[in-house]
Amino acid sequence: MSLMIATVHKYGYRNILLVLPPLTAVFMVLTTLTTNQPIIMISFVVSSSAIGVYDLMYPLMWTSYVPSKIRTKMFTVVMVVNLIAESIMMFIGGKAVVFIFSKLQGISYQTASNLSADSNAMKGAMLSNYINAYKWVIIITAIINFIAFVLVLFIKDKPIDYRSVESKGDKKTMQEKMATYKRLVNYKTVVWVLYLCAVQLGAGLFIQYVPIYLNNILHIPRGITSTINTFPTVAIFVGYFFAPYLAKKLGSIMTIAISTIICAPLMLVLSNAKMLVTGAALFAVVRTILFFRSGLANASMPVQQEVQMILVDKDMRPAFSAVIEIALSFVGVIDGLFTEFYLLKTQQGYANAYIIAAALYIVSGIVLILVFAKKYNRILRDSHASEESK
79 MSLMIATVHK YGYRNILLVL PPLTAVFMVL TTLTTNQPII MISFVVSSSA
129 IGVYDLMYPL MWTSYVPSKI RTKMFTVVMV VNLIAESIMM FIGGKAVVFI
179 FSKLQGISYQ TASNLSADSN AMKGAMLSNY INAYKWVIII TAIINFIAFV
229 LVLFIKDKPI DYRSVESKGD KKTMQEKMAT YKRLVNYKTV VWVLYLCAVQ
279 LGAGLFIQYV PIYLNNILHI PRGITSTINT FPTVAIFVGY FFAPYLAKKL
329 GSIMTIAIST IICAPLMLVL SNAKMLVTGA ALFAVVRTIL FFRSGLANAS
379 MPVQQEVQMI LVDKDMRPAF SAVIEIALSF VGVIDGLFTE FYLLKTQQGY
429 ANAYIIAAAL YIVSGIVLIL VFAKKYNRIL RDSHASEESK
């Protein structure tokens, strides 16, 4: 994924986007045509990587094409639309599997839904029909990707859109390429990447384990847990809308730093929720904390996406995005190893994860203020003014 996004500077937005939908669709369909585990694994990795490139592409394109005055708002809009589409598809996806399964099995939707609650009990033709229902959903998704391919045909770009100077056809020497990438390594970019890594390191310790923490540690019933888990999505939606307002009032760096730091006390309360309240009060406290933590953590995301595109010049943006993605991938590996072999060896580890994350959030937020706030707090405003004066 990082290698693909790094080639944007050479091939352009349109050419990369023309490759992604067919690549995604072909490898998704391939998973439905074989039972060979290595092929399925490779197909999953390729299709997932291609899908991930979309999230890296829109900040690059928005920075190039959207007028500076409305750019932060448009970052908010695209992230909201993405969140809505993702939520709708997640809602429809499971129901589509059950619907197709009911048709293949020749039973009612309700009966199919009840059977799907325990797939381990399925055997023979019923299990085959259930698996085929998933395959049909994958195929439908692949078809939607081809529709995306058709839409990409209407995108027009020019070299000046994704690099500062049009290439004259001369190939750069290895020394010239190394000199170009060395421009990425400076105090400003290194601290920014370290900030992102610290926040991701903290988030990775608890986000995917929230349902386990709620069920097994706080002993909240699964039905209530399912309801509670919908609140962060709503909070993210609300948080996105506040991004332009916060950036205007507080400045871009202070918006990012403060939203990070304020999450810390909420996570500390959540780590000790069992000792503070019980029963219905516990459900209300957990629901409220998760709502505000998700909202605050994501209120600065549109601003953050734009800032990291402004930190480097146009030629370096794809490479910088690739570097960030590689760094976050390493962080994901560290999170996985740390949680599996140490942190989550005991049940208390699930609560300790929030404490460690809170510490990382506080430190990273303070570092961001100390390094960036004085000089770069109004970086978006200054960048917008510079673009308008050209």
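Each residue of the sequence shown is one higher than the one before, counting from 79 in the numbering used here. Beta carbons are placed, not taken as given, at the ideal position from N, Cα and C, and that holds for glycine.
Are residue i and residue j touching if we call contact CB-CB under 8 Å?
i: S337; j: A276; result: no
i: L389; j: W270; result: yes
i: T154; j: Y318; result: yes
i: I233; j: R365; result: no
i: A436; j: L346; result: yes
i: F224; j: N207; result: no
i: S378; j: I444; result: no
i: L344; j: A351; result: no
Return helix, strand or coil for residue i, following the three-state DSSP convention.
i: G247; result: Note on G247: pLDDT 45, under 50, position unreliable in the model; the coordinate value appears next. The answer is coil: DSSP assigns G247 none of H, G, I, E or B.
i: Y420; result: coil
i: G329; result: coil
i: T189; result: helix
i: S165; result: helix
i: Y89; result: helix
i: G184; result: coil
i: F232; result: coil
i: N114; result: coil
i: N264; result: coil
i: M200; result: coil
i: I298; result: coil
i: F284; result: coil
From residue i to residue j, what distance separates their C-alpha atoms?
i: A313; j: S330; result: 20 Å
i: Y187; j: A203; result: 17 Å
i: L81; j: K453; result: 32 Å
i: S245; j: D235; result: Legend: pLDDT at S245 = 49, less than 50; position of this residue unreliable, value from coordinates given subsequently. Cα-Cα distance, rounded: 15 Å.
i: Q286; j: V215; result: 24 Å
i: T303; j: N294; result: 11 Å
i: K201; j: V176; result: 16 Å
i: M168; j: L283; result: 24 Å
i: R395; j: M106; result: 29 Å
i: T305; j: I148; result: 35 Å
i: Q253; j: V263; result: 16 Å
i: M152; j: S165; result: 20 Å
i: G410; j: Y420; result: 15 Å
i: G172; j: S127; result: 23 Å
i: Q382; j: I185; result: 49 Å
i: P237; j: L98; result: 20 Å
i: G247; j: K392; result: Annotation note: pLDDT 45 at G247 (below 50); position unreliable, coordinate value reported separately. Using only the alpha carbons, I get a separation of about 19 Å.
i: F309; j: L161; result: 13 Å
i: S197; j: K213; result: 15 Å
Quick one: does residue i have its CB under 8 Å from some CB of chain D?
i: D393; result: In the displayed structure, chain D is absent; only one protein chain is listed.
Only counting the same chain, and skipping five residues up and downstream in sequence, which positions put a Cβ closer than 7 Å to that of residue i?
i: N455; result: G329, S330, I331 and M332
i: A211; result: V175, I178, F179 and L182
i: S442; result: Y273, A276, V277 and T338
Within the same chain, show all residues whose beta-carbon is closer than 6 Å to that of residue i, passing over the 5 residues directly before and after it, in chain order.
i: A429; result: S349
i: S399; result: I83 and L134
i: A190; result: V176, F179 and S180
i: V124; result: F105
So, at 8 Å on beta carbons, what are the nonlocal neighbours of residue i in its own chain, with the 5 sequence-adjacent residues on each side left out?
i: V57; result: The shown model of the chain, from 79 to 468, leaves out residue 57, and the question about it has no answer.
i: V288; result: N307 and L368
i: M158; result: Reading off the sequence shown, one finds Val at residue 158, where the question assumed Met. F315, Y318 and F319.
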